[in-house]
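The next block holds one structure in the form of structure tokens; read it before the comments.
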Amino acid sequence: MRTEDRVADAQLDEYRQSIDNIDAALIFLLAERFKVTQAVGRYKAKAGLPPADPGREGAQIARLRALAQTARLDPDFSEKFLRFVIDEVIRHHERVRETVE
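For what it's worth, this note's numbering labels the leading residue of the sequence shown as 33, then goes sequentially.
Now the structure itself:
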């Protein structure tokens, strides 16, 4: 292997290690987020509130789209990601509501 290839491989390994660390952080952050949203789901079910809150969801999407622009992240991508998370939270809230009723 040429010296340049070893240097490139070391650099690539360093980038990949950083990506791995970020991925781990994202998973732990999502886990914490879902712990809180599960508590919200139980609270909503006990209080007789609907699983979804379209006003809150719209405000969050707008807020996070603006944050994405500031962070130089594609706002469409961030909205799709957030929508995926929100949809999963709503599904959980619906399941919790069914167990309370």
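The C-beta atom is built at its ideal place from N, Cα and C for all residues, glycine as well. If you're wondering where the values come from, they're calculated on a predicted model, not measured in any experiment.
Measuring only the C-alpha atoms, how far is N53 from Y47?
Your numbering for residue 53 matches position 21 in the sequence shown. Your numbering for residue 47 matches position 15 in the sequence shown. C-alpha separation (whole angstroms): 10 Å.
Answer yes if the stretch 102 to 117 comes into contact with the stretch 70 to 84, meaning at least three C-beta pairs across the two stretches below 8 Å, and no otherwise.
no
Let's test the definition: count the other Cβ atoms within 10 Å of the Cβ of V128 and tell me whether it reaches 16, buried, or not, exposed.
Start at 1 with the first residue of the sequence shown, and residue 128 comes out as number 96. That one is buried.
Decide yes or no for the touch test of the stretch 79 to 96 against the stretch 109 to 124: beta carbon pairs closer than 8 Å, at least 3 of them.
yes
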